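Number of protein chains: 2
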Amino acid sequence: MNKWVYFFGNGRAEGRGDQRELLGGKGAGLAAMTALGLPVPAGFTITTDVCDVYYRKERRWPTGLERQVRQALGRLEKVSRKSFGDAANPLLVSVRSGAARSMPGMMETILNLGLNDRTVEGLARLTSHPRFAYDAYRRLISMFGSTAKGIPRERFDQELDRVKEERTRPRLGIDPGVRVADTQVDEAELREVVHRFKKIYVEQTREQFPQDPRDQLQGAVNAVFASWMAEKAVTYRRVEKITGLRGTAVNVVQMVFGNMGEDSGTGVYFTRDPNSGENTLYGDFLVNAQGEDVVAGIRTPLKLSEVQRILPDVYRQLARVRRILERHYRDMQDIEFTVEHGKLYILQCRAGKRSPQAAFRIAVDMAKERLLTREEAVRRITPEDIERLFYPVIDPSVPAQDLERRRLAQGIDAVPGAAKGEIVFTAGDAERLGAAGRAVILVRRETSPEDVGGMHAAQGILTSTGGKTSHAAVVARGWAKCCIVGCEDVQIDSDQRVMRANGRVLRQGEIITLDGSSGTVYEGEVPLVRPTLSPAYGILLGWADRFRRLRVRANADTPKDAQKAVEMGAEGIGLCRTEHMFFETEERRLAIQEMILAETPERRRAALNRLLPFQRADFVGIFEAMDGRPVTIRLIDPPLHEFVPHERSKQEALALRLGISVEAVAQRVEQLREANPMLGHRGSRLCLTYPEILDTQVRAIIEAAIAVRRQGKAVCPEIMHPLVMDAGELEILERRTRAVADPLIRASRMKIKYLVGTMIEVPRAAFLADRIARVAEFFSFGTNDLTQMTMGLSRDDAGRFLPDYVGPSRVFRTDPFQSLDVEGVGGLMKWALDRGRSSRPALKVGICGEHGGDPASIRFCHSIKLDYVSCSPYRIPIARLAAAQAALEDKKRR
Amino acid sequence: MNKWVYFFGNGRAEGRGDQRELLGGKGAGLAAMTALGLPVPAGFTITTDVCDVYYRKERRWPTGLERQVRQALGRLEKVSRKSFGDAANPLLVSVRSGAARSMPGMMETILNLGLNDRTVEGLARLTSHPRFAYDAYRRLISMFGSTAKGIPRERFDQELDRVKEERTRPRLGIDPGVRVADTQVDEAELREVVHRFKKIYVEQTREQFPQDPRDQLQGAVNAVFASWMAEKAVTYRRVEKITGLRGTAVNVVQMVFGNMGEDSGTGVYFTRDPNSGENTLYGDFLVNAQGEDVVAGIRTPLKLSEVQRILPDVYRQLARVRRILERHYRDMQDIEFTVEHGKLYILQCRAGKRSPQAAFRIAVDMAKERLLTREEAVRRITPEDIERLFYPVIDPSVPAQDLERRRLAQGIDAVPGAAKGEIVFTAGDAERLGAAGRAVILVRRETSPEDVGGMHAAQGILTSTGGKTSHAAVVARGWAKCCIVGCEDVQIDSDQRVMRANGRVLRQGEIITLDGSSGTVYEGEVPLVRPTLSPAYGILLGWADRFRRLRVRANADTPKDAQKAVEMGAEGIGLCRTEHMFFETEERRLAIQEMILAETPERRRAALNRLLPFQRADFVGIFEAMDGRPVTIRLIDPPLHEFVPHERSKQEALALRLGISVEAVAQRVEQLREANPMLGHRGSRLCLTYPEILDTQVRAIIEAAIAVRRQGKAVCPEIMHPLVMDAGELEILERRTRAVADPLIRASRMKIKYLVGTMIEVPRAAFLADRIARVAEFFSFGTNDLTQMTMGLSRDDAGRFLPDYVGPSRVFRTDPFQSLDVEGVGGLMKWALDRGRSSRPALKVGICGEHGGDPASIRFCHSIKLDYVSCSPYRIPIARLAAAQAALEDKKRR
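Next up, the structure:
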């Protein structure tokens with residue numbers, strides 16, 4: 013007989029904390045916390061297998077489940093000394109979903125199950141709190157009605173509002189325009205609310221609200237299962253790339269009540285500050301409230317420091333729980349709790365989401381506290397943490413009075429970083445404009461799971477309600493997307509597409525800037541800069557550098573890029589694209605265009621000679637910045653037609669400047685047009701056809717090297733020939749390269765060593781790598797083109813059909829242009845590497861395609877023993893980390 | 013001491029007939045013939061090594077050469093019983109070049125060396141023929157002067173003419189306008205000519221004509237060496253791809269004179285008829301003439317049959333020589349001879365050039381005569397012999413000056429043969445006029461699949477752009493249709509229906525003639541002849557079929573093609589391109605365009621359903637023609653944009669027909685444009701995106717198979733998915749294919765076996781062939797695309813830089829699109845084959861790229877053990893022969 017149900021309570025649990033796949037994250041956490049002796053309400057977990065079987069059996073419960081639920085309920089009754097459906101001493105339970113991976117706000121929860129017309133009276137008697145009992149009952153009816161039966165939630169909300177207007181407002185004499193709070197509704201009115209809710213239930217479902225708590229339980233469990241397949245949950249899993257889950261577990265837990273008065277309440281806390289990583293309790297507490305109220309962000313909660321003041325004993329317990337859980341999980345935790353008449357209950361714990369800054373600080377601090385080893389600390393950081401670390405902030409050089417003048421409103425700093433963009437008021441607008449490449453800020457009263465798409469498309473999110481654990485804050489934090497919540501200064505009219513704040517009126521399309529780190533909203537555009545890095549970042553990457561074997565270089569084309577690269581930790585330049593230099597100024601552009609239009613080698617050489625000083629000066633700057641680190645310089649690569657103007661007006665300007673007819677310009681441009689430019693006249697083919705281009709570029713490199721060497725600095729140029737397909741071809745290029753370089757070096761009387769090597773980006777070159785390596789001193793895999801040619805996929809065109817190929821259970825799991833096709837392109841790389849080293853054991857091999865900055869690809873590069881990866885400067889820290897993690901993974905496996 | 017000089021004479025020779033590399037073809041022939049006891053004038057050969065050393069030593073004679081020449085001259089004097097420079101009994105010699113490979117007309121000859129002011133008198137006395145002696149002397153001065161000293165030949169010719177005018181004409185009273193023949197110039201006049209020639213010599217060289225015969229000899233030898241490096245010779249070797257030769261040998265041979273009277277003469281004969289191959293003496297004889305006179309074609313020679321009448325003894329000797337030489341060389345010979353006072357001298361022999369018809373007849377006859385084995389006979393035929401056998405050619409009887417006058421432009425000889433017709437500039441006009449029975453030549457800048465109908469209707473195709481593997485060339489080759497591409501001399505204005513070439517303007521409707529074998533375009537109509545196939549052709553290919561292991565299939569897209577293929581000996585169809593069927597009629601074209609423009613699967617399916625009956629009918633025709641032989645059908649392959657009209661007018665027509673706006677048509681066409689269409693949305697990617705295309709095509713194939721099977725005929729369809737890159741991708745396609753096919757077959761209650769396989773044309777698929785073969789039942793190497801992707805070379809664009817890559821001592825010896833890149837692409841093929849068979853030993857593997865019809869590539873396919881090659885119908889005989897020759901080569905090696 014399958015075990016479908018796992019009980020926990022009274023310090024003992026059938027499940028274990030490591031059974032996340034089976035029990036879901038929440039269920040495993042409850043089991044673990046129970047076993048750790050923490051004050052967890054008793055209950056039981058229906059496994060994720062049940063959800064799986066439920067869907068495979070066309071939404072029927074598997075055999076034995078009903079009996080096991082009945083037995084578990086019996087144990088719960090025994091432990092709680094209450095009885096399900098017993099009017100004298102009713103057991104109330106909550107039913108919550110919980111998959112193996114957290115999907116915040118995506119799935120359903122129903123509280124207060126067990127209440128009916130009879131037990132509500134019992135609860136009222138037992139708690140001496142009839143208002144509370146009827147409030148709980150009306151909540152159950154609306155939650156069950158909407159969740160299990162699909163009745164629109166607004167129907168209930170409107171009815172509650174109506175009772176408030178008809179009765180509460182006149183009774184209390186509240187002025188029109190002033191909001192009537194839920195807490196102001198009295199017992200009698202709540203009885204009326206319950207009465208009306210039951211009427212709505214009957215109208216909408218043609219059946220009575222179920223009075224048998226077992227029916228309520230079954231309906232609630234099925235509602236949780238249904239939420240697993242609800243469109244928003246499916247979309248969320250797709251967006252977040254969550255795959256391989258069996259389904260959601262269902263947790264049935266005895267109710268505890270935070271809404272039992274001023275000595276009760278409910279809250280969420282983190283064991284460390286999720287924004288800064290500081291080692292301090294951090295969270296929100298709502299007095300006399302149930303969990304829903306916190307999440308919905310309807311009321312503004314207290315900071316946890318205030319709890320220390322009003323409920324010091326509770327605060328002490330929270331600190332103790334924190335110590336126990338951090339020691340157990342060896343990670344920062346996000347904990348939900350409720351206080352019922354001063355007694356603390358822990359309802360849930362999970363690894364807490366954190367800002368990237370916090371991730372570094374927590375990992376480093378925990379390593380210092382010996383909670384983690386340094387290796388574990390390095391493994392704890394994700395590439396995304398690093399990526400998010402570099403998100404922008406308000407430029408600190410902007411004068412304070414300038415900022416003050418633009419200051420529009422103040423909210424809660426939910427997710428740090430800054431963002432600016434056009435105001436939009438709906439998720440739909442955000443998605444539409446975002447897709448069109450516009451920067452937008454999504455402004456909402458509050459957000460709900462339906463808004464996730466629009467939130468993702470926006471640069472930043474602003475809500476007028478909610479706290480740091482509201483839906484908006486949690487979701488935005490996951491993406492490190494700038495977010496301000498609870499900004500009560502702002503009134504939003506979504507229909508009119510207008511917001512008001514402190515007397516100013518802003519319409520859709522106007523620009524605002526958010527500073528998520530301070531919670532301030534600014535009118536108009538404020539300059540942003542990238543942040544400075546915390547000491548923890550440097551410490552952790554320092555550790556990573558000690559663990560990794562792969563070296564990390566940068567793709568950098570200018571002296572400025574090169575400086576940035578060194579700053580980011582580059583150990584060399586793996587790809588310096590000479591052609592990028594040509595576009596820097598109008599003068600350079602004209603010289604290169606003249607070179608292309610030249611009809612004789614002499615005129616071509618003359619144009620090239622005009623380029624020479626620019627290139628040489630750039631190389632000098634780069635060599636200086638790199639200070640002896642290796643610099644791989646790729647000779648001209650793109651097809652010539654990319655350099656010439658295609659619009660008539662620009663052709664005219666060029667013709668005028670060059671003193672030739674516009675027809676001559678147009679004709680040459682036309683001649684350069686190719687059917688498949690990617691496989692056309694480009695790369696080393698240009699230097700084979702026009703060797704004077706090679707001559708000039710090599711001359712610029714070597715003369716620059718000599719100049720820098722004269723300053724007493726080391727230089728290490730590596731001259732790279734692109735798009736080579738044959739050893740004989742490379743030999744021609746190599747000979748010519750040395751024929752230019754060697755006499756210059758000899759004449760300089762300096763000692764300069766340089767290497768000559770090649771990109772491996774044409775499959776033929778990879779396949780015949782043993783021959784190529786007899787000529788090349790180094791290889792650099794150009795995996796962008798190697799992927800295109802090996803797979804027969806044009807990156808520019810693949811957009812229209814790759815979606816049919818990429819995805820779970822499609823042909824490829826990931827986009828081969830984002831993450832290396834390990835089997836095909838990777839296999840060919842491994843072949844080339846092995847063959848290349850077979851004929852030249854000292855062959856230096858790197859990668860300089862986009863994949864050089866992709867963690868999964870870096871892992872592969874490590875595994876096949878590449879010497880280095882090269883990527884854009886901002887991805888260098890990611891590469892350093894990924895390389896370290898790959899090495900640690902290796903070590904662990906061995 | 014190196015041996016630089018090889019003597020021959022008096023029945024003994026120092027050299028041997030197999031020393032062609034050392035002695036050159038002529039020298040080796042003279043040595044062989046001397047050893048065979050044939051009447052060869054004595055002489056000696058200076059080896060090709062001398063030429064090599066001469067150039068390496070900056071045009072100086074190697075040590076010892078002078079002494080060896082002196083010694084050989086001494087032996088020659090002894091054998092001839094004459095003395096070099098002896099006025100009483102002068103020895104005269106000729107000096108001729110002779111490399112290891114024949115380079116007709118490229119190199120120099122000087123006759124009559126040994127004559128000077130004194131020996132000329134001796135010769136006059138000795139022969140009692142002073143006129144002859146002075147004629148010989150004036151020839152020596154002009155030949156030596158022009159060849160060794162670079163005096164323009166015309167200077168001498170003009171002077172001779174002047175003497176004729178001043179003296180001969182008045183003396184003989186010849187009317188003005190009537191030509192004075194050389195033979196009419198008398199002794200006195202020739203003395204004057206000699207006098208004047210010597211004056212020219214002094215004027216031009218500032219030195220006297222050398223009176224020492226040894227100086228003459230040295231000058232002549234150096235002149236021969238100089239001719240080896242003359243521009244025209246270097247160009248010839250490059251054009252003819254002659255590489256690896258050391259240089260030319262120099263043959264110094266005693267003079268014999270055919271111009272000694274009516275019992276003398278000179279001639280050339282073939283041991284068999286070089287046009288028909290008939291086993292009969294065939295040649296020309298000029299009475300009282302020297303060899304030059306024959307070559308120059310100034311006098312009309314006698315047929316050899318007439319020699320039998322006037323010099324029966326000479327004829328008998330010629331027949332005897334023929335027997336000896338054919339037995340010795342086992343091949344038809346081309347022999348130069350001279351008769352001096354009735355005595356026959358053989359001056360040279362070599363394998364005779366022959367027409368393709370003769371090549372077959374001679375090979376078969378010689379095998380029957382037991383001169384050759386059948387295997388040798390098969391090896392004797394060249395692929396070019398077969399190629400030339402099938403093409404109409406310019407009538408060889410058209411005078412050269414006639415052709416020259418009509419010559420209009422020169423392009424690339426894409427498909428040999430000749431064609432003539434009216435110029436048309438659009439495919440539509442070609443179709444219209446072709447349907448009306450008019451012969452047209454389609455003239456386009458370039459062609460695209462839309463033009464296929466018009467191309468088919470035309471007699472020949474001329475494009476101003478593109479190379480030998482451009483669309484026009486490939487399509488035309490498939491039909492063996494005369495085609496000239498890349499004819500840059502021609503400017504085309506399709507709108508005005510006019511073309512310009514070298515200053516001439518031709519309008520639609522004017523006649524041009526194309527010679528695809530030379531790439532020449534002629535104005536007006538040049539007579540053509542078409543060769544007929546001889547019985548020998550059938551016999552020889554029958555022998556070839558017995559020797560080969562490779563099977564030969566055809567690329568054929570229509571029932572007509574299929575019939576042709578069977579006629580040519582195809583053992584199956586290796587490539588049936590379904591998309592070619594779409595262009596056959598306007599109705600089909602519209603249906604496919606509608607399919608492409610469809611915006612829903614339903615509309616697409618509807619359009620496809622209109623195509624279904626056409627495709628099915630075509631498949632029925634093909635299966636019937638192939639009568640049980642395997643037929644590999646490739647599902648739709650080219651990018652969709654190739655199917656839609658790009659001109660506004662055609663888009664309007666299509667929009668009207670389909671009842672949608674022209675903007676909608678234009679927009680969709682624009683959407684289909686790709687940056688690199690070759691690597692874009694095409695091949696199986698189309699079927700993955702639009703599975704209904706796959707469904708319809710498979711349905712048409714299987715329904716046709718069922719229909720033919722019902723007639724009691726066998727069918728063997730092989731369904732092929734193009735451009736596959738992954739096993740998982742193929743699996744999706746394979747499953748869908750079977751899901752369509754199997755139910756149809758089951759419902760038919762017929763037994764039909766079909767295979768599902770794939771093209772291997774994407775490098776990734778080749779590299780991962782073991783996985784692919786787990787799904788595919790067969791592979792077909794699409795080496796056109798495999799070459800493009802493996803080498804990173806776009807066939808359409810490579811024209812502008814491949815010339816820098818292809819050629820002797822360049823990167824590639826041959827164009828990789830014409831002859832397989834054996835190392836790279838071939839290596840990958842071998843890898844794929846081995847890996848594929850490792851996971852499926854019974855895997856059937858063929859090739860269906862253009863290379864399938866290229867002999868060198870076929871040799872490679874044989875060597876890696878492919879099952880078959882597939883090529884266009886007209887290349888099937890070539891493939892049969894090449895496959896046999898490859899097998900015989902193997903056997904020989906073992």
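Chain order of the listed sequences is Z and C. For the numbering used here, add 12 to where a residue sits in the first sequence, where the first one is 1. For the numbering used here, add 12 to where a residue sits in the second sequence, where the first one is 1. C-beta atoms are modelled at their ideal positions from N, C-alpha and C, and glycine is treated no differently. Just so we're clear, the structure is a prediction, and the values are computed from it rather than from any experiment.
Item	Value
Interface flag, residue 701/Z vs chain C, CB-CB below 7 Å	yes
Sheet register partners of residue 863/C (DSSP bridge)	Residue 863/C pairs with nothing; no bridge assigned.
Distance CB(residue 498/Z)-CB(residue 425/Z) smaller than 7 Å	no
Contacts of residue 706/Z in chain C (Cβ-Cβ under 8 Å)	Within chain C, no residue comes near residue 706/Z; the closest Cβ sits about 13 Å away, beyond 8 Å.
Residue burial classification, residue 309/C (beta-carbon count within 10 angstroms, cutoff 16)	For residue 309/C, the predicted structure reports a pLDDT of 47, less than 50, and the residue's modelled location is therefore unreliable. A value from the coordinates is still provided. Residue 309/C comes out exposed.
Residue 569/Z versus residue 816/C: straight-line alpha-carbon distance, rounded	30 Å
Chain-ordered chain Z contacts of residue 809/C [CB-CB under 8 Å]	686, 687, 688, 689, 691, 692, 693
Interfacial residues, the region 735 to 751 of chain Z to chain C, with Cβ spacing under 8 Å	735, 737, 738, 740, 741, 744
Partners in chain Z for residue 835/C, counting only beta-carbon separations shorter than 7 Å	780
Residues that residue 816/Z contacts on chain C, provided the C-beta gap is smaller than 7 Å	700, 701
For residue 240/C and residue 4/C, the rounded distance between their alpha carbons	There is no way to answer for residue 4/C, as the model of chain C reaches only from 13 to 906.
Straight-line Cα distance separating residue 300/Z from residue 274/Z	6 Å
Other residues of its chain near residue 91/C: CB distance less than 7 Å, five sequence neighbours each side excluded	21, 22, 54
Nearest-angstrom Cα separation, counted from residue 835/C out to residue 825/C	12 Å
Interface flag, residue 812/Z vs chain C, CB-CB below 7 Å	yes
Simplified DSSP state of residue 898/Z, which is helix, strand or coil	helix
Same chain only: Cβ atoms within 6 Å of residue 152/Z, ignoring 5 sequence neighbours per side	124, 127
Buried versus exposed call for residue 13/C [16 or more other C-beta atoms within 10 Å across all chains shown]	exposed
Selection from 391/Z, 327/Z, 42/Z, 538/Z that minimises the alpha carbon distance to residue 413/Z	538/Z
Where residue 983/C falls: helix, strand or coil (DSSP)	The question about residue 983/C has no answer, for chain C in this structure spans 13 to 906.
Bounding residues of the alpha helix (DSSP H) (the contiguous stretch that carries residue 759/C)	739 to 760
Any chain C beta carbon closer than 7 Å to residue 802/Z	yes
Inter-residue spacing [alpha-carbon to alpha-carbon] between residue 359/Z and residue 122/Z	14 Å
Buried versus exposed, by CB contacts within 10 Å (16 or more), residue 164/Z	exposed
Three-way DSSP call (helix, strand, coil) for residue 309/C in this model	In this prediction, residue 309/C has a pLDDT of 47, which is less than 50 and means its spatial position is unreliable; nothing more can be read from the coordinates.
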